[in-house]
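**Q** Protein chains in written order, with the working numbering: chain A, 12 to 358; chain B, 12 to 358; chain C, 12 to 358; chain D, 12 to 358.
There are 4 protein chains.
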Amino acid sequence: MAEKMKAVRKLEPGPGAELVTVDVPAPAEDEVLVKVASTSVCGTDQHIYQWNEWAQRRIKNLPQTLGHELAGEVVEVGSRVTTVHVGDYVSAETHIPCGHCWACKTDKQHICLNLKILGVDRDGCFAEYITVPEVVVWQNDRAIPADQAAAQEPLGNALDTVLAEDVAGKTVLITGCGPLGVLTVLVARASGAATIFATDVSAYRLDLAKHAGADHVFNVKEADPVPKIRELTDGVGVEVLLELSGVQSALDQGLKALAFGGRVSLLGLFDSDVKVDLNDGVIFKNARIYGIVGRRMYTTWYKAKQFLASGTLDISPAITHTFPLEDYATAFELMASGNSGKIVLHP
Amino acid sequence: MAEKMKAVRKLEPGPGAELVTVDVPAPAEDEVLVKVASTSVCGTDQHIYQWNEWAQRRIKNLPQTLGHELAGEVVEVGSRVTTVHVGDYVSAETHIPCGHCWACKTDKQHICLNLKILGVDRDGCFAEYITVPEVVVWQNDRAIPADQAAAQEPLGNALDTVLAEDVAGKTVLITGCGPLGVLTVLVARASGAATIFATDVSAYRLDLAKHAGADHVFNVKEADPVPKIRELTDGVGVEVLLELSGVQSALDQGLKALAFGGRVSLLGLFDSDVKVDLNDGVIFKNARIYGIVGRRMYTTWYKAKQFLASGTLDISPAITHTFPLEDYATAFELMASGNSGKIVLHP
Amino acid sequence: MAEKMKAVRKLEPGPGAELVTVDVPAPAEDEVLVKVASTSVCGTDQHIYQWNEWAQRRIKNLPQTLGHELAGEVVEVGSRVTTVHVGDYVSAETHIPCGHCWACKTDKQHICLNLKILGVDRDGCFAEYITVPEVVVWQNDRAIPADQAAAQEPLGNALDTVLAEDVAGKTVLITGCGPLGVLTVLVARASGAATIFATDVSAYRLDLAKHAGADHVFNVKEADPVPKIRELTDGVGVEVLLELSGVQSALDQGLKALAFGGRVSLLGLFDSDVKVDLNDGVIFKNARIYGIVGRRMYTTWYKAKQFLASGTLDISPAITHTFPLEDYATAFELMASGNSGKIVLHP
Amino acid sequence: MAEKMKAVRKLEPGPGAELVTVDVPAPAEDEVLVKVASTSVCGTDQHIYQWNEWAQRRIKNLPQTLGHELAGEVVEVGSRVTTVHVGDYVSAETHIPCGHCWACKTDKQHICLNLKILGVDRDGCFAEYITVPEVVVWQNDRAIPADQAAAQEPLGNALDTVLAEDVAGKTVLITGCGPLGVLTVLVARASGAATIFATDVSAYRLDLAKHAGADHVFNVKEADPVPKIRELTDGVGVEVLLELSGVQSALDQGLKALAFGGRVSLLGLFDSDVKVDLNDGVIFKNARIYGIVGRRMYTTWYKAKQFLASGTLDISPAITHTFPLEDYATAFELMASGNSGKIVLHP
């Protein structure tokens with residue numbers, strides 16, 4: 012194994028990141044070292060790269076390597092690791108749980124009270140190698156190509172968003188067609204959604220959503236989609252709203268389009284507090300709302316594996332671009348333009 | 012049967028109502044005539060009495076008799092009525108469903124798309140007699156006294172609020188201790204809530220909540236209850252939030268006090284849009300929210316009947332005052348003062 | 012409208028049925044008259060035709076027309092019918108609920124305590140015309156062809172069987188690949204099942220199941236499928252068992268193949284009591300079992316409509332044969348041979 | 012700490028056990044040593060004591076100390092233990108999960124595929140000291156007395172049995188009123204069951220159930236309870252069946268008494284395969300059945316703690332006898348007689 016490696020690191024506070032050469036890290040006794048085959052870019056990476064308000068507040072330990080969605084091969088294991096072996100083909104859950112808090116003890120490790128996050132609280136995977144705690148190593152099915160295996164992490168978000176309740180035979184509205192939105196369209200389609208409506212402000216993203224299987228797409232810059240959605244649902248509205256945009260107006264439209272007795276999943280994060288008409292939007296509608304964060308550990312990962320390895324779900328339409336790791340700046344620019352789905356980097 | 016009867020009616024737009032003598036109504040072919048033994052006062056009645064903005068917009072057919080929570084005896088049945096008989100001891104569901112819309116056909120009659128409401132869209136029960144459509148007649152168990160039978164309707168709201176998910180062995184926060192709040196405390200206690208926290212701005216109501224079984228009550232005019240609730244729940248927060256106040260600050264406090272993975276029921280109606288921190292309050296918490304309106308027809312009514320008739324649930328602590336119908340104005344004044352639980356009128 | 016019509020009727024106790032000419036029935040005031048465009052054959056029809064033990068006990072009113080799965084056009088409506096009109100394109104729910112018993116009042120009309128069944132308790136639809144109570148008339152979407160619209164009724168069984176809990180991304184075993192089994196395979200596939208295993212004793216039916224989307228089919232006459240299913244599920248077993256055979260050995264194999272924490276739906280009826288190893292098959296496995304009968308009224312029908320009208324679910328692979336009504340005897344023979352999926356008759 | 016201790020051990024295959032003096036065990040690096048304050052006797056202990064067929068097949072490592080329900084104080088911790096400290100007041104979950112199998116990784120540790128059981132696969136707690144793996148140590152609330160804290164383990168079974176779905180306002184039948192049955196009555200009562208029916212063959216146990224809050228108890232040696240239960244439920248039957256007897260006839264009666272759409276929890280283990288009328292008992296009833304084993308780790312333990320520490324649930328009526336450890340033989344005899352609830356031993 013090499014002693015030095017390339018890594019995309021933020022060296023000091025401020026926008027941007029540098030491609031630098033650093034020592035290959037050594038795994039601690041409860042960690043493994045993974046040679047990264049593929050890593051995909053998440054909005055969180057972009058926030059850190061752009062050094063937005065959240066990142067300034069949240070990121071404590073510079074310099075630090077970016078990235079947290081990955082697939083690769085285990086090349087070394089710590090002395091107390093028992094369930095992972097050299098040669099294993101793995102990905103990683105990003106949320107590192109403590110294992111002993113109230114949340115961890117009640118099937119909620121993904122919202123552990125002492126959560127640490129890969130690429131946020133410790134070095135990430137935009138590098139040739141990364142150390143990963145054994146507790147978050149995920150054994151991949153070899154039938155899943157590395158680019159898709161890396162994207163299992165965000166796919167998990169989409170799975171929990173769509174499947175908070177079942178969608179089979181139901182009408183579904185997805186607000187926000189970024190990379191996660193497109194994964195959400197794919198999951199909803201594969202899980203039996205009868206009719207999928209999707210909204211966004213980007214023509215590129217709406218095309219992507221349409222290609223992924225959305226039946227009706229609406230550019231909300233052009234017109235309010237609610238009347239048309241109501242018309243296409245016999246006046247009933249959509250039975251399921253999946254909110255991924257984090258935008259006030261999308262939430263408003265979604266709740267207006269929601270059927271009585273409907274279900275909402277909220278995954279998109281909002282820039283600030285939102286104003287909600289709880290009476291007409293939630294209470295009189297007898298609606299149910301689920302806040303979604305992370306992925307169930309590891310129920311959701313098994314679902315992702317089984318979906319992908321069986322070929323029942325094909326997420327390749329969501330992965331639009333692949334770059335060598337060196338072109339990370341191009342990747343971030345493209346992502347910022349809105350003209351991409353999931354972007355993959357190859358170290 | 013008498014030909015004339017007393018009724019509390021709003022004769023024209025504006026605050027107040029009159030006690031007048033009118034003809035006893037004749038039931039239509041699909042209706043029954045009920046001699047009212049007991050009727051309880053709801054916030055909706057008060058809105059109509061006070062003629063607030065909502066009432067001005069909503070009430071179409073004056074003059075009209077107020078009231079919708081009742082128990083009494085059937086004294087006449089329409090020609091096509093088959094399931095109700097003279098002498099039956101009945102109450103009435105307030106929500107009159109059309110029976111054939113999408114909502115009615117999918118187990119959601121209580122949010123029928125063509126809903127009519129007793130005492131809102133047609134004459135109510137603050138009178139000696141009321142006609143009730145057969146479809147909303149509820150056969151009471153004779154073990155339940157009339158005052159409690161009348162209160163089954165709001166009890167149904169409390170049941171759906173508490174039991175959207177189970178509360179057994181869990182920590183529960185109830186924000187808002189008006190008549191519905193006190194019923195909610197009683198239901199939560201009877202359904203196994205381990206620890207009940209309750210908040211309000213009225214010392215009277217907090218006393219009532221305490222008497223009904225709340226373990227810890229907080230007057231939010233005096234201090235922010237969140238730190239104490241967190242302390243009393245080992246830092247975890249409450250597993251269940253039941254919001255009955257319809258007040259922005261109560262919702263804020265409730266969401267802050269809510270545990271990760273917690274459940275929220277929203278029953279209180281808000282005066283206007285509210286501002287919500289969806290990120291920290293709902294999404295990162297992986298919370299679930301249920302909008303509650305009306306009562307499941309008739310799953311919830313069976314639950315109410317079985318709870319009351321078996322003596323497992325005693326709602327008498329929630330019924331604080333009883334007046335003759337003639338004293339309706341006193342009742343409304345008392346209710347407006349906040350110094351009452353459920354108020355019952357006897358025609 | 013014609014005054015006489017063809018009808019397949021059982022005239023007296025004993026095997027078989029006759030094609031006879033009878034008066035077109037007149038709808039009662041709460042009924043409609045439907046001109047049957049398509050009707051499909053169910054196992055229940057076959058039991059009545061063959062006059063098995065169940066039929067001898069259950070069928071009271073001979074002579075009677077067979078059949079209950081249909082699609083057609085309304086040609087006359089009774090005087091009190093308000094929601095159906097001449098010209099409507101309809102199907103019918105087979106279970107006629109009373110509307111006022113405890114089950115009907117608690118969202119369980121499909122298991123009404125006073126249930127009457129089309130083609131069992133009153134004349135069925137193997138005829139040119141049938142009268143149907145308004146309460147069970149279902150408005151079809153015109154995008155759905157009549158043969159598929161007729162099959163919505165058994166499709167409803169399959170939907171409730173598959174979707175008692177969601178199947179997205181899960182492993183599923185279907186025991187029994189008759190017409191309902193094939194519909195079940197189609198629904199499971201459309202609803203996101205990752206891997207579908209299916210068993211039967213008929214090579215014809217297993218081919219049909221394979222064609223419908225089953226990944227692995229097993230002829231249980233040849234070998235015990237359990238070891239192979241365990242192997243193909245990494246030793247875990249299937250997360251979902253859908254039992255449609257009504258056969259002791261299939262249930263045994265299904266429970267043995269079931270994963271810990273797995274879910275079972277039972278739709279197939281058994282000839283007699285079965286022996287079950289509740290300890291190892293259910294209790295130690297922490298399994299959940301759902302008995303399935305009929306279809307949720309009308310939640311499941313909406314699901315069926317939305318699935319079919321959107322093209323998300325194509326049930327044509329389950330419909331293998333179409334005959335003119337006159338060839339009903341051929342149809343029953345074919346069905347008895349096991350070499351058919353759903354058989355449709357055209358009056 | 013003492014170097015020697017008393018322990019009730021089975022020294023060799025065959026009925027009975029011996030009170031012997033052995034070395035106090037030393038905790039391994041991931042274990043703690045607990046000084047046992049209270050331990051309660053379970054049916055499993057009795058099976059091992061009596062050396063029945065199951066025990067002969069299951070118990071591998073003699074000599075071995077019996078017992079697995081306990082409360083006590085931590086007196087020593089292994090070198091890698093981080094979450095437990097000397098002086099902690101603890102109990103133990105009996106099911107020792109591996110932590111890395113499919114079941115453990117999907118929120119089902121209690122049915123781990125590699126499960127080890129305290130007192131079955133390793134030395135138990137009928138002794139002055141026991142070593143317990145850190146992963147199953149439960150921190151007790153000091154408000155809970157040791158005898159009740161020891162009984163939290165079987166209480167967990169009762170909680171999962173009762174609360175597989177909620178029971179608030181519902182009718183409940185409990186078949187089997189042994190120690191677990193009485194705990195089940197107490198939990199059902201505390202969780203809002205409206206009416207509780209209970210059956211057994213022992214007058215002593217039925218008295219205990221009545222004292223614990225059952226409304227109607229039936230000695231099935233005297234008469235078939237089903238007609239009376241149907242009568243007392245207006246012909247509907249019970250909405251919830253909790254089967255704890257493991258007896259064929261109790262299951263038969265339970266399913267006959269079950270309402271349409273009812274729910275069943277199965278906790279009692281059966282001596283052999285049972286015969287079930289799946290058609291009438293489960294399928295036509297649209298029933299739901301839950302197999303219950305162990306306790307959710309640790310959702311159920313938190314529920315138990317909160318129920319007991321808050322005083323909302325008082326399980327003292329279920330604990331009928333207390334003996335010094337030396338009188339273990341008397342305890343087993345008493346238990347075998349059926350004339351006891353939960354029996355506690357004090358080392």
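By construction, the Cβ of each residue, glycine as well, lies at the ideal position given by its N, Cα and C atoms.
Keep in mind that this is a model prediction, so the values were computed, not measured.
Where does glutamine 67/C land, buried or exposed, given buried means 16+ other C-beta within 10 angstroms?
**A** Looking at its Cβ environment, which holds fewer than 16 other Cβ atoms inside 10 Å, glutamine 67/C is exposed.
**Q** Just tell me which of Gly248/A, Ala162/A, Thr311/A has its CA closest to the CA of serine 377/A.
**A** One cannot answer for residue 377/A here, as it falls past the ends of chain A, which runs 12 to 358.
**Q** Tell me where the alpha helix (DSSP H) around leucine 262/D begins and ends.
**A** 259-268 is the extent of the alpha helix (DSSP H) around leucine 262/D.
**Q** If we cut at 7 Å on Cβ distances, does isoleucine 207/A have a partner in chain B?
**A** Not closer than 7 Å to any Cβ of chain B, the Cβ of isoleucine 207/A fails to qualify, so no.
**Q** Return no unless some Cβ of chain B is closer than 7 Å to the Cβ of valine 276/D.
**A** Note that residue 276/D is serine in the sequence shown, not valine. So, not an interface residue.
**Q** Rounding to the nearest angstrom, what Cα-Cα distance links isoleucine 70/D and glutamate 64/D in this structure?
**A** Roughly 10 Å between the two C-alpha positions.
**Q** Using the Cβ count rule (16 or more neighbours within 10 Å means buried), how would you classify threonine 93/C?
**A** By the neighbour-count rule (16 or more Cβ atoms within 10 Å), threonine 93/C is not buried but exposed.
**Q** Can you give me the Cβ contacts of cysteine 115/B inside the same chain, cut-off strictly under 7 Å, excluding the 5 residues immediately before and after it?
**A** These residues qualify, in order along the chain: Pro108, Cys109, Cys123.
**Q** When DSSP labels each residue in this structure, what does arginine 68/C get in the three-state scheme?
**A** Helix.
**Q** What does DSSP give as the partner residues of threonine 331/D in its beta bridges?
**A** The partner list for threonine 331/D (beta bridge, DSSP) is empty, contrary to what the question assumes.
**Q** Counting Cβ pairs closer than 8 Å, one from the stretch 275-292 of chain B and one from the stretch 134-147 of chain A, do we hit at least three?
**A** With a cut-off of 8 Å, the stretch 134-147 of chain A and the stretch 275-292 of chain B do not count as touching, because too few Cβ pairs lie within range.
**Q** With a threshold of 7 Å between beta-carbons, can leucine 345/D be considered close to chain B, or not?
**A** Judged by the 7 Å Cβ criterion, leucine 345/D is not in contact with chain B.
**Q** Just the C-alpha distance for glutamine 317/C and tryptophan 312/A, rounded to the nearest angstrom, thanks.
**A** The straight-line gap from Cα to Cα measures roughly 29 Å.
**Q** Identify the continuous beta strand (DSSP E) that holds tyrosine 100/C and give its terminal residues.
**A** Per DSSP, tyrosine 100/C belongs to the beta strand (DSSP E) from 100-103.
**Q** So is threonine 94/B in contact with chain C if we call contact Cβ pairs under 7 Å?
**A** It does; some Cβ of chain C falls within 7 Å.
**Q** Less than 6 Å between C-beta atoms, sequence neighbours within five positions excluded: which residues of the same chain meet that for arginine 91/D?
**A** Within the same chain, arginine 91/D has close Cβ partners Glu40, Asp41.
**Q** Can you give, in chain order, each stretch of the beta strand (DSSP E) that sits fully within the stretch 181-230 of chain D and has at least 3 residues?
**A** Here the runs fully enclosed are 182-186, 206-211, 227-230.
**Q** From valine 198/D to serine 283/B, what does the alpha carbon distance come to, in whole angstroms?
**A** Roughly 42 Å separates the two Cα atoms.
**Q** Where does the unbroken alpha helix (DSSP H) through glutamate 344/C begin, and where does it stop?
**A** Element bounds for glutamate 344/C: 339-348.
**Q** List the residues that DSSP assigns as beta-bridge partners of proline 144/A.
**A** Beta-bridge pairing links proline 144/A to Glu42/A.
**Q** Please say whether glycine 130/A and histidine 79/A have beta carbons closer to each other than 7 Å?
**A** Closer than 7 Å, so yes.
**Q** By the three-class DSSP mapping on this structure, what secondary structure does threonine 55/D have?
**A** Threonine 55/D falls in the helix class under three-state DSSP.
**Q** Quick one: what does DSSP say histidine 357/B is sitting in, helix, strand or coil?
**A** Here histidine 357/B sits in strand by DSSP.
**Q** Comparing the C-beta of aspartate 41/C with each C-beta of chain D, is any distance below 7 Å?
**A** Aspartate 41/C does not count as touching chain D.
**Q** Identify the contact partners of leucine 22/D in chain C, using a Cβ-Cβ distance below 7 Å as the criterion.
**A** Within chain C, no residue comes near leucine 22/D; the closest Cβ sits about 29 Å away, beyond 7 Å.
**Q** In chain A, which residues lie less than 8 Å from isoleucine 107/B when you measure between Cβ atoms?
**A** Within chain A, no residue comes near isoleucine 107/B; the closest Cβ sits about 16 Å away, beyond 8 Å.
**Q** Rounded to whole angstroms, what is the Cα-Cα separation between glycine 272/D and alanine 342/A?
**A** Approximately 55 Å between the Cα atoms of the pair.
**Q** Taking all protein chains shown into account, decide if glutamate 145/D is buried (16 or more other Cβ within 10 angstroms of its Cβ) or exposed.
**A** Flag for glutamate 145/D reads buried.
**Q** My assumption, with CB atoms under 8 Å, is that aspartate 171/B sits in contact with isoleucine 303/B. Please give the rounded CB distance.
**A** About 5 Å; that satisfies the 8 Å criterion.
**Q** Along chain C, in chain order, which residues have C-beta atoms closer than 8 Å to that of isoleucine 70/D?
**A** Per Cβ cutoff of 8 Å: no residues; isoleucine 70/D is ~17 Å from chain C at best.
**Q** Does the beta carbon of leucine 203/A come closer than 7 Å to any beta carbon on chain C?
**A** Correcting the residue type first, residue 203/A is glycine in the shown sequence and not leucine. Cβ-Cβ to chain C under 7 Å: yes for glycine 203/A.
**Q** When you compare each of Val212/C, Asp235/C, Leu194/C to alanine 225/C by their alpha carbons, which one comes out closest?
**A** Per the Cα distances, Leu194/C.
**Q** Per DSSP, which residues does serine 49/D bridge with? Please list them.
**A** Its beta-bridge partners are Ala82/D.
**Q** Quick check on threonine 186/A: buried or exposed, where buried means 16 or more other Cβ atoms within 10 Å of its Cβ?
**A** Classification for threonine 186/A: buried.
**Q** Tell me which residues of the stretch 286-313 of chain D have at least one Cβ-Cβ distance to chain C shorter than 9 Å, keeping chain order.
**A** From the stretch 286-313 of chain D, only Lys286, Val287, Asp288, Leu289, Asn290, Gly292, Val293, Ile294, Phe295, Lys296, Asn297, Ala298, Arg299, Ile300, Tyr301, Gly302, Ile303, Val304, Gly305 have a Cβ closer than 9 Å to chain C.
**Q** Measure how close the beta-carbons of valine 212/C and lysine 181/C come, nearest whole angstrom, since I'm counting them as under 8 Å.
**A** At roughly 25 Å, the Cβ-Cβ gap does not stay under 8 Å, so valine 212/C and lysine 181/C are not in contact.
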